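Read the structure below first, then the notes.
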Amino acid sequence: MTSAEGSKGGRKVVIVTGGSRGIGREVSLSLAANGWSVVTMFAGNEKAADVLVAEIYENWGAGKAMAVKGDVSVAADVKNAFDRAEEAFGHVNAVVNLAGTIASHLPKLADTTEEEWDRIFTVNTKGTFLVCKEAEKRLVSGGRILTCSTSLAVILNPGYSAYVASKAAVEALTKILAKELRGKNITANCISPGPIAGEFLFAGKSPEQISALTNMAPLERLGQPQDIAGVVKFLLSDDAAWVNGQILRVNGGSGIAGRNAKEP
1 MTSAEGSKGG RKVVIVTGGS RGIGREVSLS LAANGWSVVT MFAGNEKAAD
51 VLVAEIYENW GAGKAMAVKG DVSVAADVKN AFDRAEEAFG HVNAVVNLAG
101 TIASHLPKLA DTTEEEWDRI FTVNTKGTFL VCKEAEKRLV SGGRILTCST
151 SLAVILNPGY SAYVASKAAV EALTKILAKE LRGKNITANC ISPGPIAGEF
201 LFAGKSPEQI SALTNMAPLE RLGQPQDIAG VVKFLLSDDA AWVNGQILRV
251 NGGSGIAGRN AKEP
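With UniProt numbering, the residue at position 70 of the sequence shown is 70, and numbering never jumps.
See the structure below:
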């Protein structure tokens, strides 16, 4: 896997949305360790973003990261993140769109409010649309666009209708985008994580629900942010130049042949 070279200071530049916590934080650290300059776009937790940038500075030197506050569902905020990245580092080589949200109490479809449905689609689907739209205009040749879905899109557990529908749209968008990027030497792929340990997964769930999620995969464990970060690092590397328009299920085998848990 090649190191990240190609912008100001010989480093490639990546924008990671939702990059200050959870999977996004681990992805940002992994890419910084692999030679990327990282621009993390965060919506609200400025302290977490500042801590991330400070950690990258401490380990890999000043000027290797910056944090930009913004909402992925607001076009002006997305444009600003790209503007700031180009001003600081030069061209943008890749974008990893990890910003997302989910209903905290997992309502059935009949119990899902219009407000909750709209909120989830605004962040997950519209946000992805706006980030991809800006990325197509701004990425240099050899660029990478990486979106994020969920393995629930194939497992289809009850209680996730709005979330899964919003992510299924992301998968379709990514495949079409890969075709529309013809001639630009830019790839578009989508990672589809299974259950990943962290506050996003644990929020609002009972111990029984967490146990059920843990047993979904034949590996009988929850995924860790590092499991996703390694796949992201590969997809942004030169080794993945021929990977395009793909949905990569990174889930420990969850949902294989329709079996989500241990055999009886």
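Even for Gly, the Cβ is constructed at its ideal location relative to N, Cα and C.
Being a predicted model, the structure only gives us computed values, none of them experimental.
Query, Result
"Could you give the first and the last residue of the continuous alpha helix (DSSP H) run that contains P107?", "Note, P107: premise wrong, no alpha helix (DSSP H); not H, not E."
"Of the choices V243, N157, L173, S211, whose alpha-carbon is the least far from that of N185?", "V243"
"In the DSSP assignment, what residue or residues form a beta bridge with Y148?", "What sits at residue 148 in the sequence shown is Cys, not Tyr. Answer by DSSP bridge pairing, in chain order: I191."
"Would you say the stretch 191–204 touches the stretch 226–239, given that touching needs at least three Cβ pairs under 8 Å?", "yes"
"Which residues bound the alpha helix (DSSP H) around I228?", "225–235"
"Per DSSP, I247 forms a beta bridge with which residues?", "C190"
"When burial is assigned at 16 or more other CB atoms within 10 Å of the CB, is I102 buried or exposed?", "buried"
"Check for me: the alpha helix (DSSP H) holding K137 runs from which residue to which?", "127–138"
"Three Cβ pairs or more, each shorter than 8 Å: is that satisfied between the stretch 160–180 and the stretch 124–131?", "yes"
"Check whether the stretch 97–115 and the stretch 59–66 touch, using three or more Cβ-Cβ pairs below 8 Å as the test.", "no"
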